[in-house]
Amino acid sequence: MNSLESRFESSTLTNVNVSSTSTLQSNTMSGVDSNPNSTAASRMETNKYLLIEPDKELQFRRPFTNVIKQVLVITNSHPTAAMAFKVRTTTPKQYCVRPNSGRLLPGASSEVSVLLQAMRTDPPLNYRCRDKFLVLAIVINDDVMALEGDALQQSLLALWADADRAKAAVHSGSADVDTVAMVDNLIYERKLRCTFLPALDASVGTDASPPLPLPSKTVQSGLSSAPVSDFHDAHEQTPLRGTVKPTASVHSTTDQELVDAREKIRSLQSACEAYKIEIERLSQVRLRRAEASGSGLSNEPSAIRGQTSMKAKNDTLSLTFIIIAVLVAFLAGVYLF
Numbered sequence: 001m002n003s004l005e006s007r008f009e010s011s012t013l014t015n016v017n018v019s020s021t022s023t024l025q026s027n028t029m030s031g032v033d034s035n036p037n038s039t040a041a042s043r044m045e046t047n048k049y050l051l052i053e054p055d056k057e058l059q060f061r062r063p064f065t066n067v068i069k070q071v072l073v074i075t076n077s078h079p080t081a082a083m084a085f086k087v088r089t090t091t092p093k094q095y096c097v098r099p100n101s102g103r104l105l106p107g108a109s110s111e112v113s114v115l116l117q118a119m120r121t122d123p124p125l126n127y128r129c130r131d132k133f134l135v136l137a138i139v140i141n142d143d144v145m146a147l148e149g150d151a152l153q154q155s156l157l158a159l160w161a162d163a164d165r166a167k168a169a170v171h172s173g174s175a176d177v178d179t180v181a182m183v184d185n186l187i188y189e190r191k192l193r194c195t196f197l198p199a200l201d202a203s204v205g206t207d208a209s210p211p212l213p214l215p216s217k218t219v220q221s222g223l224s225s226a227p228v229s230d231f232h233d234a235h236e237q238t239p240l241r242g243t244v245k246p247t248a249s250v251h252s253t254t255d256q257e258l259v260d261a262r263e264k265i266r267s268l269q270s271a272c273e274a275y276k277i278e279i280e281r282l283s284q285v286r287l288r289r290a291e292a293s294g295s296g297l298s299n300e301p302s303a304i305r306g307q308t309s310m311k312a313k314n315d316t317l318s319l320t321f322i323i324i325a326v327l328v329a330f331l332a333g334v335y336l337f
């Protein structure tokens, strides 16, 4: 753990206040037990620097056929140290979290939107949601706060990887004294459960169905003891799943429909041009046949010949107008509906 400890010391300890540093030193000097159960009180004390609102559960109200949004406020209450945070969940395919990570100056807060993705149908009323969220925070120094772009991402990835290894060692009981003290003083976490609420009765503004029974004590205690391995980094973008109606999928479908409509328009335009040419050809054929049919046609008054020519032109124009009207109606249907 020497490289791990040195990375945390160089990345975090420079901003930790005197009380935190003295706690770290006293734990190291007194030989802190590496058993995670013996440090529960210490973690309860240090976790006060990571505040979340709501602090126990995220409530999502039916119906779930639309996206449901809840806001989670994360606050760094540490007096001197900046923090980096990230949000994890047991069901990353069901939720979008924006932003799913960030940095907080001492005393600063960040609003995080938690989006429950739309379902094809509502689950049964007696369905008990077992989804959970984990908010993690780690103390960082001014150098990390000053980073941006790829350098920031690489630094945070390394810190979170080291933090995960240290926490795993503590939970397994294989961590040394310094690692236990480091986890207790520099890494904070809060857990939330998700609750599905019945729909509101629009007429009276109350629950449309009776409330479900509260989870048993076994389920409640299971929240605090949920293994870290059950949590995965939350996604910021909508996951593509069969049970979700993702916005990206709707947009892609609309774009494809527009492409198909444009192809149809081009084919109709080509057909109109072909019809126009064919109509003109047939009109010429009629005129030639009329002129060639009988010697008496040449002696017809010019008015009759003019009427014949005008009738052919009118037939051509009428058919052209009909085709144009059909094309305009098709375009209006595509763009309006």
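Going by the UniProt record's numbering, the first residue of the sequence shown is number 1, and it counts up by one from there.
Don't be surprised by glycine CBs; every beta carbon is placed ideally from N, CA and C.
Take the alpha-carbon of E273 and the one of A290: they are about 26 Å apart.
Across the structure, Y95 and A234 are spaced so that their CA atoms are roughly 7 Å apart. Between the region 263-283 and the region 163-170 there are fewer than three C-beta pairs closer than 8 Å, too few to call the two in contact. Below 8 Å, too few C-beta pairs join the region 156-165 and the region 112-130 to call them touching: fewer than three.
Here A292 is exposed, its C-beta having fewer than 16 other C-beta atoms within 10 Å. Bounds of the alpha helix (DSSP H) holding L152 are G149 to S172.
Non-local beta-carbon contacts of Q59 in its own chain, meaning distances under 6 Å to residues more than five positions away in sequence, involve T195 and L197 in chain order. Taking 7 Å as the cut-off, the beta carbon of L115 is found closer than this to the beta carbon of K69. Under the DSSP assignment, M145 falls outside any beta strand (DSSP E), being part of the alpha helix (DSSP H) whose first and last residues are D142 to A146. When DSSP states are grouped into helix, strand and coil, K48 belongs to the helix group. Here DSSP, grouped into helix, strand and coil, assigns D233 to strand. A straight-line Cα-Cα distance of about 15 Å links K132 and S113. Boundaries of the alpha helix (DSSP H) harbouring N185: V177 to L186, taken from the DSSP string. Close CB contacts of I323 within its chain, under the 7 Å cut and outside five residues either way in sequence, are with C272 and Y275 (chain order). In chain order, A82 place their CB closer than 6 Å to the CB of L105, counting only its own chain and leaving out the 5 sequence neighbours on each side. Under the three-state reduction of DSSP, Q284 is assigned to helix.
Residue environment analysis places D230 among the exposed positions, since fewer than 16 neighbouring C-beta atoms fall within 10 angstroms of its C-beta.
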